[in-house]
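Just so we're aligned: 64 in the numbering used here is position 46 of the sequence shown, and the numbers increase by one with no gaps anywhere.
This report concerns only the one structure given below.
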Amino acid sequence: DRDPPDHSPRSDRAPRIYTRTGDAGFSSTFTGERRPKGDRIFEALGATDELSSAIGLAGEFSSEKGHVFVDQLHKVQCMLQDVGSNIATPLSSAREAHLKRTSFSEKPVVELEQWIDSYTQQLPPLRAFILPSGGKSSAALHFSRAVCRRAERCVVPLVQAGEADPNVAKYLNRLSDYLFVLARYAAMKEGKEEKIYIKPEP
19 DRDPPDHSPR SDRAPRIYTR TGDAGFSSTF TGERRPKGDR IFEALGATDE LSSAIGLAGE
79 FSSEKGHVFV DQLHKVQCML QDVGSNIATP LSSAREAHLK RTSFSEKPVV ELEQWIDSYT
139 QQLPPLRAFI LPSGGKSSAA LHFSRAVCRR AERCVVPLVQ AGEADPNVAK YLNRLSDYLF
199 VLARYAAMKE GKEEKIYIKP EP
């Protein structure tokens, strides 16, 4: 909804954060299309933005505990900006210049898989259903995982409709696995107990 800030000589004030261009319930894609804010593209963008915010919170908790994976979380947040760029560029209206700027490769997916394998090798075997728990870092990472699953559910229809790159959906799929493994790793490193599911007695 934001127009470019006014940097002309007559403007001696900071640029406005609001533009009023979305007041009627429409917003623009990167390709310049105006679509309703309820469009599935903006649903997916919103979920991805929420995911980055959740990961940011998890990163702050993890940083306070001195976890070495905080830099990875920051890199993931940067990748989510690229995910958003791809989502905001529907292939049905994208020109070649748009596609070059917002393409999304499989390389970040492979990197996540390498991280997952590395942490999994250090974890005890999973023998029960884990509830979101294990301290603030772990619980925040579990929350991020749940948001990631929702973002993935929003993106999959776009991929199936040929509007977004399949690697974007793959990345979100793998990212939820990474966040789950990382939550367990954080609990282990902090010496926190992971709560498991216990079936209530009838």
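Cβ coordinates follow ideal geometry from the N, Cα and C atoms, glycine included.
Computed from a prediction, not measured in an experiment: that's the story for all the values here.
Q: Return the chain-ordered list of same chain residues with a C-beta closer than 7 angstroms to the C-beta of residue 175, the five sequence neighbours on each side being excluded.
A: So the list reads 58, once near-sequence residues are dropped.
Q) Contact between the segment 130-141 and the segment 164-182: three or more CB pairs below 8 angstroms? A) Touching, no, given that fewer than three Cβ pairs across the two stretches are closer than 8 angstroms.
**Q.** When 196, 148, 203 and 183 are compared against residue 141, the one with the closest alpha-carbon
**A.** 203
Q) Are three or more beta carbon pairs between the segment 156-167 and the segment 95-104 nearer than 8 angstroms? A) no
Q.
Report the CB separation of residue 127 from residue 192 in whole angstroms; it is logged as a contact under 8 angstroms.
A. 5 angstroms
Q | Residue range of the unbroken alpha helix (DSSP H) whose run includes residue 215 | A | Element bounds for residue 215: n/a, residue is neither H nor E.
Q.
Please classify residue 199 as buried or exposed, where buried requires at least 16 neighbouring CB atoms within 10 angstroms.
A. buried
Q | Endpoints, the alpha helix (DSSP H) within which residue 174 is located | A | 154-178
Q | Where residue 26 sits in the DSSP three-state scheme | A | Note that residue 26 scores a pLDDT of 46, beneath 50, so its modelled location is shaky; the value from the coordinates is reported in the next line. Residue state, collapsed to three classes: coil.
Q: Please state if the CB of residue 162 and the CB of residue 197 are separated by a distance shorter than 7 angstroms.
A: Yes.
(Q) Going by C-alpha to C-alpha distance, which of 183, 90 and 72 sits closest to residue 104? (A) For residue 104, the closest C-alpha among the options 183, 90 and 72 is that of 183.
**Q.** Cβ shell of residue 212 (< 6 angstroms), same chain only, five flanking positions each side left out
**A.** 148, 151, 152 and 205
Q. Using the beta-carbon count (16 or more within 10 Å), is residue 214 buried or exposed?
A. By the Cβ-count criterion, residue 214 is exposed, with fewer than 16 other Cβ atoms from all chains shown falling within 10 Å of its own Cβ.
(Q) Please classify residue 73 as buried or exposed, where buried requires at least 16 neighbouring CB atoms within 10 angstroms. (A) It counts as buried.
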